[in-house]
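Scroll down for the structure; my scribbles are underneath it.
Number of protein chains: 2
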Amino acid sequence: MEEIPEDLLRDAEENGPPASAAGGDPVLNLEGFLPYRLSVLTNTVSRAIAGAYSKRFGLSIPEWRVLAVLGRFPDISAKEVTERTAMDKVRVSRAVAALRRKALIKRRTDAQDRRFSILRHSERGHRIYEEIVPLALSYEKRLLDALCDEERHALDAMLTKLMGKARDL
Amino acid sequence: MEEIPEDLLRDAEENGPPASAAGGDPVLNLEGFLPYRLSVLTNTVSRAIAGAYSKRFGLSIPEWRVLAVLGRFPDISAKEVTERTAMDKVRVSRAVAALRRKALIKRRTDAQDRRFSILRHSERGHRIYEEIVPLALSYEKRLLDALCDEERHALDAMLTKLMGKARDL
DNA sequence: ATATGTTAGTTTCAAATGAAACGAATTTCA
DNA sequence: TGAAATTCGTTTCATTTGAAACTAACATAT
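If you read the protein sequences in the order shown, they are chains W and B. For the first sequence, this note's numbering begins at 1 and goes up steadily by one. For the second sequence, this note's numbering begins at 170 and goes up steadily by one.
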């Protein structure tokens with residue numbers, strides 16, 4: 001049994017402090033706040049996609065990302081995977097270990113610099129990759145059905161700009 | 170010491186399986202894939218903001234969200250907080266407990282239905298809220314400096330459309 | 001050479017997370 | 001009534017996460 005501080009369980013007294021303390025106080029409404037909206041949209045989208053391949057193929061999001069980037073760039077190192085997936089090296093290391101355990105990727109060691117790994121799909125890994133890609137693209141396509149062609153281009157440009165701005169705070 | 174499967178540590182043999190198996194295989198390039206781009210942008214933005222208030226005020230992201238939604242909607246229940254923050258009830262429960270521990274919010278029990286809580290800023294909580302809001306708004310403003318006024322409107326509309334689409338997959 | 005520093009990748013440890021089980025209050029319906 | 005079902009919020013437990021420490025390989029400077 002866990003000890004629980006008594007006063008944490010008690011209710012507060014009635015009669016409140018600031019509900020909206022008079023003057024023109026600054027207020028933030030979350031539902032219109034860009035970082036919050038981005039977060040909600042992203043989580044919704046990520047969950048939907050992850051649901052598709054985690055159930056069917058037993059892959060976590062980091063594992064899928066590694067598989068995805070190796071589909072586009074075979075024979076890169078874990079270091080390069082971190083750069084291309086925006087995941088930190090711990091996540092990449094664990095995803096790579098998991099994918100190797102499942103025999104979905106293979107690793108060699110760079111002969112020139114033996115600190116570097118060289119990663120690549122296994123046959124099975126590649127088959128799974130080729131099964132998932134159309135699912136992912138189809139989801140993206142359906143999501144973008146919400147926008148017209150012109151909007152899609154605008155969104156593309158804006159995401160690039162926002163990302164650039166976000167990088168240097 | 171942890172036992173490590175021998176074959177996981179061995180390198181794969183040279184000569185590879187599919188690097189790009191001939192035919193017009195489907196390929197997905199992450200850096201252009203909308204869900205991925207959203208994820209990277211969101212994480213960058215979230216970290217930047219969280220860094221600002223977690224260091225200065227010792228708040229986690231869930232805690233800040235609860236504080237934020239209570240700034241806009243005082244005297245709502247934890248249930249309503251989950252709806253307005255898109256966080257699940259476990260996260261909200263823990264964030265509320267943490268905020269109460271820090272004496273930044275107060276809780277009463279709804280007399281009509283005693284399952285419901287009624288949450289509200291404490292004096293200190295409200296002061297901290299009023300300190301953070303300008304920081305958050307300023308960050309959002311600087312981020313949106315990347316876009317012109319017309320783009321900002323377009324982005325607003327598109328996020329709404331995308332969110333709607335994402336909700337029904 | 002040998003010491004010092006740097007980099008790729010792994011491991012450890014403590015904290016955050018979420019699914020499922022739970023207790024308490026309320027509602028539904030026979 | 002009162003038994004079964006539902007809902008709010010908490011807790012438990014196993015998994016995921018990331019910061020920091022670490023190992024191994026390489027680079028640089030003395």
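Yeah, the Cβ is synthetic: ideal placement off N, Cα and C, and Gly gets one too.
Asked                                                                                                                                                                                              : Found
Check the Cβ-Cβ distances between residue 303 of chain B and every residue of chain W, and say whether any is below 8 Å.                                                                           : yes
Suppose you measure from the CA of residue 93 of chain W to the CA of residue 78 of chain W; what does that come to, to the nearest Å?                                                             : 7 Å
My output table needs one value for residue 100 of chain W: the three-state DSSP class, helix, strand or coil.                                                                                     : helix
Any Cβ of chain B within less than 8 Å of the Cβ of residue 146 of chain W?                                                                                                                        : yes
Please go through the segment 226 to 252 of chain B and give each complete alpha helix (DSSP H) segment of 4 or more residues, from N-terminal end onward.                                         : 230 to 241
Relative to the C-alpha of residue 126 of chain W, which candidate in W:140, W:114, W:139 and W:102 has its C-alpha closest?                                                                       : W:102
Considering Cα atoms alone, identify which of B:328, B:259, B:265 and B:210 is closest to residue 228 of chain B.                                                                                  : B:265
Could you name the residues of the segment 23 to 56 of chain W whose beta carbon sits closer than 9 Å to any beta carbon of chain B, in the order they occur along the chain?                      : 25, 26, 27, 28, 29, 30, 31, 32, 33, 34, 35, 36, 37, 38, 39, 40, 41, 42, 43, 44, 45, 46, 48 and 49
Could you say if the segment 319 to 338 of chain B and the segment 145 to 165 of chain W meet the contact criterion of at least three C-beta pairs nearer than 8 Å?                                : yes
Under three-state DSSP, which class holds residue 39 of chain W?                                                                                                                                   : helix
Using only the alpha-carbon positions, how far apart do residue 165 of chain W and residue 214 of chain B sit?                                                                                     : 10 Å
Between residue 195 of chain B and residue 26 of chain W, which are expected to be in contact by the criterion C-beta below 8 Å, what is the C-beta distance as a whole number of angstroms?       : 49 Å between Cβ atoms; not a contact.
In this structure, what does DSSP give as the bridge partners for residue 213 of chain B?                                                                                                          : DSSP, once it has assigned bridges, lists no residue as partnering residue 213 of chain B.
Find out if the Cβ-Cβ distance for the pair residue 68 of chain W, residue 199 of chain B is shorter than 8 Å.                                                                                     : yes
In chain W, what lies closer than 9 Å to residue 336 of chain B by C-beta?                                                                                                                         : 44
For residue 280 of chain B, does the count of other Cβ atoms within 10 angstroms reach 16, so buried, or fall short, so exposed?                                                                   : exposed
Flag residue 259 of chain B as yes if its beta-carbon sits less than 8 Å from any beta-carbon of chain W, otherwise no.                                                                            : no
Mind listing which residues of the segment 78 to 109 of chain W have their C-beta closer than 8 Å to chain B's C-betas, in chain order?                                                            : 84, 85, 86, 97, 100, 101, 106, 107, 108 and 109
Since residue 115 of chain W meets chain B, which of its residues come closer than 7 Å, beta carbon to beta carbon?                                                                                : Going along chain B, no residue has its Cβ under 7 Å from residue 115 of chain W, so there is no contact; the nearest lies around 14 Å.
Kindly list the residues whose CB is nearer than 7 Å to the CB of residue 22 of chain W, restricted to its own chain and excluding five residues on each side of it in sequence; keep chain order. : Model confidence at residue 22 of chain W stands at a pLDDT of 45, short of 50, so the residue's coordinates are unreliable; what they give is reported in the following sentence. If we look at residue 22 of chain W and ignore the five residues flanking it on each side, it has no Cβ neighbours.
With respect to the beta strand (DSSP E) encompassing residue 286 of chain B, which residues constitute its N-terminal and C-terminal limits?                                                      : 286 to 290
What's the C-alpha gap between residue 106 of chain W and residue 203 of chain B?                                                                                                                  : 28 Å
Can you tell me which of W:132, W:75, W:86 and W:70 puts its alpha carbon nearest to the alpha carbon of residue 206 of chain B?                                                                   : W:86
Can you give the Cα-Cα distance for residue 219 of chain B and residue 230 of chain B, rounded to whole angstroms?                                                                                 : 6 Å
Please decide whether residue 76 of chain W counts as near chain B, where near means a Cβ-Cβ distance under 8 Å.                                                                                   : no
Determine which residues share a DSSP beta bridge with residue 160 of chain W and list them.                                                                                                       : Residue 160 of chain W pairs with nothing; no bridge assigned.
Going along chain W, which residues have a C-beta under 7 Å from residue 324 of chain B?                                                                                                           : 158
Taking residue 90 of chain W and residue 119 of chain W to be in contact with their CB atoms under 8 Å, please state how far apart those CB atoms are, rounded to whole angstroms.                 : So it is not a contact: roughly 16 Å between Cβ atoms.
Given that residue 333 of chain B touches chain W, what residues does it touch there, using C-beta distances under 7 Å?                                                                            : 146
Using a threshold of 8 Å, state whether the C-beta atoms of residue 41 of chain W and residue 305 of chain B are closer than that.                                                                 : no
Could you spell out where the beta strand (DSSP E) holding residue 276 of chain B opens and where it closes?                                                                                       : 274 to 278
How big is the Cα-Cα spacing for residue 241 of chain B and residue 129 of chain W?                                                                                                                : 45 Å
Closer than 7 Å by beta-carbon distance: list the chain B residues that pair up with residue 130 of chain W, in chain order.                                                                       : 194 and 195
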